[in-house]
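A.B. asks: In my numbering, the protein residues as written are 103 to 280.
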């Protein structure tokens, strides 16, 4: 029996681990969400950006459980949906920017903390004024899981006063009656 040449063996090995490497980048879905949110707050961009929680992003970047919670909560939005529509945006604030008002995102950092935890840090308050409260980063902790070979966001926890805040997914489930 002939043995494989080292070059062919290396090619087979790299082809077999490439999908695992792509799936293991737990920062990728978080990066896309943060960048999409940042585009929405960028006052230099005139065209509307795709919503962070668009149908496409919910199906590609979020777990089935998170997407179901979002859909259920959309049936019970905090504001009445437009006439003729039965669902609405389930938040009365931007859960990524952590507020109704904000500034363009600055100093965006995405850190893999291990065990499926990814932290996003950015400043989106600096345009409001000077002082420590305007220099503090907005911090979000994303729980990322593997779902059918893809890294997807299963939950988001805002950090409030240095402590992990409430689960956005659990808030959506409660709002949606799940």
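Positions of the beta carbon are idealized from the N, C-alpha and C atoms, including for glycine.
Which residue marks the beginning of the alpha helix (DSSP H) containing residue 277, and which one marks its end?
C.D. replies: Where residue 277 is concerned, the enclosing alpha helix (DSSP H) stretches over 270–278.
A.B. asks: Is residue 192 near the ligand NAD, with its Cβ less than 6 Å from a heavy atom?
C.D. replies: Looking for the ligand NAD in the displayed structure turns up nothing, as the structure carries no ligands at all.
A.B. asks: I'd like the list of long-range same chain contacts for residue 147, defined as Cβ closer than 7 Å, with 5 residues on each side in sequence excluded.
C.D. replies: Hits under 7 Å: 141.
A.B. asks: Look up residue 249 in the DSSP assignment and give the residues it is bridged to.
C.D. replies: Answer by DSSP bridge pairing, in chain order: 252.
A.B. asks: Could you name the residues that DSSP lists as bridge partners for residue 222?
C.D. replies: DSSP lists 212 and 242 as partners of residue 222.
A.B. asks: How about residue 154 and residue 138: do their beta carbons lie closer than 7 Å?
C.D. replies: Yes, Cβ-Cβ distance for residue 154 and residue 138 is below 7 Å.
A.B. asks: Taking residue 168 and residue 257 to be in contact with their CB atoms under 8 Å, please state how far apart those CB atoms are, rounded to whole angstroms.
C.D. replies: So it is a contact: roughly 7 Å between Cβ atoms.
A.B. asks: So if DSSP puts residue 231 in a beta bridge, which residue, or which two residues, is it bridged to?
C.D. replies: For residue 231, which the question treats as bridged, DSSP gives no partner whatsoever.
A.B. asks: Bridge partners of residue 260, per DSSP?
C.D. replies: According to DSSP, which records beta bridges pairwise, residue 260 is partnered with 242.
A.B. asks: CB-CB under 8 Å to residue 184, same chain, minus the five flanking residues each way: which ones, in chain order?
C.D. replies: Excluding positions up to five away in sequence, the list reads 190.
A.B. asks: With burial defined as no fewer than 16 other Cβ atoms inside 10 Å of the residue's Cβ, what is the status of residue 204: buried or exposed?
C.D. replies: It counts as buried.
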